[in-house]
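Protein chains in written order, with this note's numbering: chain A, 1 to 277; chain B, 278 to 473. Just so you know, even glycine gets a beta-carbon here, dropped at the ideal spot from N, CA and C. Heads up, the thing below is written out as structure tokens.
Next up, the structure:
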């Protein structure tokens with residue numbers, strides 16, 4: 001055993017944890033090298049000195065240590081709150097933190113066709129009976145947003161993955177439908193908010209990406225449903241932070257219930273899928 | 278505090294109960310401070326390190342799954358805060374080693390063993406202890422932290438491995454190297470380094 005190797009065993013020999021063979025080799029190395037032997041003796045003395053440090057008195061903590069800690073935590077909490085976007089959708093961002101990497105590639109592709117001004121115009125459906133609050137429905141293969149809000153109310157569409165406001169407009173006195181489209185390849189999550197009402201929707205993209213199973217929050221579950229079925233999904237679950245595995249066992253997802261979470265997929269009369277807990 | 282009592286407070290804290298988290302802090306702040314002081318040798322810096330450590334604990338508590346004891350996890354966080362603190366403030370690397378200081382500037386009296394040694398022997402022992410502290414301060418922070426964890430905080434190899442998220446073999450070899458490095462520094466001051 002050379003000196004370099006022997007040094008690697010200084011602690012182990014001191015602790016008596018070397019086996020018989022290594023101990024013998026180590027001790028032969030010491031016996032044959034007076035410099036190494038002196039080093040080892042100094043090493044043992046060093047370790048002995050180290051054991052005296054724990055006996056040194058440590059001053060009592062500052063009398064206000066706990067208050068200093070609490071103040072730092074309060075400050076960190078406040079700073080974190082200041083950095084977050086305000087509004088309804090801010091509470092949805094937390095469960096999506098792990099989703100940001102894949103969502104980052106989605107450009108601003110969700111468009112809301114604005115209600116045209118004036119009488120019948122291409123792309124504008126005649127106003128239905130104005131429904132109170134915000135409603136979404138599937139018709140003619142597209143997702144329509146209905147709002148019975150008063151004039152001067154702003155409807156906003158925000159992409160949940162990053163809080164980017166995709167569109168916003170003020171309603172006129174007539175409640176008008178506005179189709180919501182996602183031109184990207186993958187599904188996106190949006191929240192539509194107007195006059196105190198809001199809807200969270202997973203909008204399928206242009207490409208199907210069927211999934212048999214996965215794991216994540218209810219919003220990630222909704223995105224997987226949209227990817228698999230190509231149908232928009234409204235999210236009505238209360239617990240957005242719960243993460244759990246899921247499986248899709250049947251071709252038709254509607255009517256299924258996830259065993260672990262109770263997440264239910266239902267199909268409305270218009271074909272829109274709804275996820276609830 | 279018992280592990281089960283820790284577990285209850287941790288769960289409550291994870292659900293957003295700030296009172297529970299405050300209780301957890303009170304249980305561990307003294308020990309965290311002592312460890313931070315051993316590393317920093319400065320009361321204010323130690324308090325800063327501990328405060329920052331508990332902010333990190335607060336932010337990361339949701340990810341704590343109990344794979345290790347809370348105290349062990351806290352050691353890791355305090356160590357990392359200390360290392361980050363030192364990186365930011367290189368000018369504090371060579372701290373005064375004239376002894377630990379109270380907030381009012383007076384020195385902490387060292388506690389001496391009650392022996393029959395005369396004043397000269399006691400003075401020599403005090404000088405040797407200071408030499409060890411001096412040499413510890415000159416070590417890279419990571420080596421110093423490991424030596425403090427083992428020889429002062431009396432953590433086992435397994436606990437240090439858990440705290441630093443290192444294999445036990447790595448902990449043992451790094452501690453060995455840290456002790457050798459300390460020996461090298463001490464032998465530079467031969468007069469104070471006499472073999473018993």
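Spatial distance of residue i from residue j (CA atoms)
i	j	result
residue 363 of chain B	residue 418 of chain B	8 Å
residue 440 of chain B	residue 18 of chain A	25 Å
residue 27 of chain A	residue 46 of chain A	19 Å
residue 157 of chain A	residue 338 of chain B	33 Å
residue 212 of chain A	residue 249 of chain A	7 Å
residue 233 of chain A	residue 332 of chain B	39 Å
residue 420 of chain B	residue 298 of chain B	31 Å
residue 8 of chain A	residue 14 of chain A	11 Å
residue 194 of chain A	residue 433 of chain B	60 Å
residue 5 of chain A	residue 22 of chain A	11 Å
residue 293 of chain B	residue 204 of chain A	35 Å
residue 60 of chain A	residue 306 of chain B	11 Å
residue 58 of chain A	residue 198 of chain A	58 Å
residue 415 of chain B	residue 425 of chain B	13 Å
residue 315 of chain B	residue 182 of chain A	59 Å
residue 214 of chain A	residue 453 of chain B	46 Å
residue 191 of chain A	residue 185 of chain A	19 Å
residue 252 of chain A	residue 335 of chain B	44 Å
residue 141 of chain A	residue 265 of chain A	20 Å
residue 244 of chain A	residue 225 of chain A	15 Å
residue 34 of chain A	residue 3 of chain A	11 Å
residue 145 of chain A	residue 139 of chain A	11 Å
residue 366 of chain B	residue 325 of chain B	12 Å
residue 208 of chain A	residue 187 of chain A	9 Å
residue 438 of chain B	residue 352 of chain B	11 Å
residue 387 of chain B	residue 52 of chain A	Note that residue 387 of chain B has pLDDT 36, beneath the 50 cutoff, so the model's placement of it is unreliable and the number below is only indicative. The straight-line gap from Cα to Cα measures roughly 12 Å.
residue 407 of chain B	residue 401 of chain B	10 Å
residue 340 of chain B	residue 458 of chain B	36 Å
residue 180 of chain A	residue 343 of chain B	45 Å
residue 347 of chain B	residue 73 of chain A	18 Å
residue 76 of chain A	residue 25 of chain A	56 Å
Residue i burial status per 10 Å Cβ neighbour count (16 or more: buried)
i	result
residue 445 of chain B	exposed
residue 290 of chain B	buried
residue 227 of chain A	buried
residue 428 of chain B	buried
residue 262 of chain A	exposed
residue 257 of chain A	exposed
residue 377 of chain B	Confidence in residue 377 of chain B is poor, its pLDDT being 40 and thus under 50, which makes the residue's placement unreliable; the coordinate value appears in the next sentence. By the 10 Å Cβ count, residue 377 of chain B comes out buried.
residue 154 of chain A	exposed
residue 296 of chain B	exposed
residue 43 of chain A	buried
residue 220 of chain A	buried
residue 456 of chain B	buried
residue 216 of chain A	buried
residue 356 of chain B	buried
residue 54 of chain A	exposed
residue 260 of chain A	exposed
residue 405 of chain B	buried
residue 39 of chain A	buried
residue 63 of chain A	exposed
residue 11 of chain A	buried
residue 101 of chain A	Only weak support is given to the placement of residue 101 of chain A: the predicted model assigns it a pLDDT of 32, under 50, and the question is left unresolved by the model.
residue 317 of chain B	buried
residue 403 of chain B	exposed
residue 449 of chain B	buried
residue 246 of chain A	buried
residue 41 of chain A	exposed
Anticipated Cβ contact below 8 Å, residue i with residue j, distance rounded
i	j	result
residue 451 of chain B	residue 423 of chain B	6 Å
residue 160 of chain A	residue 189 of chain A	4 Å
residue 241 of chain A	residue 222 of chain A	That pair is no contact at about 15 Å.
residue 349 of chain B	residue 430 of chain B	About 11 Å separates the two Cβ atoms, so there is no contact after all.
residue 409 of chain B	residue 65 of chain A	In fact, because the Cβ distance is near 27 Å, the residues do not count as touching under 8 Å.
residue 275 of chain A	residue 218 of chain A	6 Å
Cβ-heavy atom distance, residue i to the ligand FMN, below 6 Å
i	result
residue 78 of chain A	The ligand FMN is not part of the structure shown, which contains no ligands of any sort.
Suppose only complete runs of 3+ residues qualify. What are the beta strand (DSSP E) ranges in the segment 215-274 of chain A, listed by chain order? 233-235, 244-247, 264-267
Within the chosen definition, does the segment 347-366 of chain B reach the segment 309-329 of chain B through at least 3 CB pairs nearer than 8 Å? yes
Check whether the segment 309-321 of chain B touches the segment 280-294 of chain B, counting contact only when three or more Cβ pairs, one atom from each stretch, lie closer than 8 Å. no
Quick check for students: name the residue ranges of the beta strand (DSSP E) that lie wholly in the segment 288-352 of chain B, counting only runs of 3 or more. none
Starting from the N-terminal side, write out each stretch of the beta strand (DSSP E) that is 3 residues or longer and does not extend beyond the segment 16-41 of chain A. none
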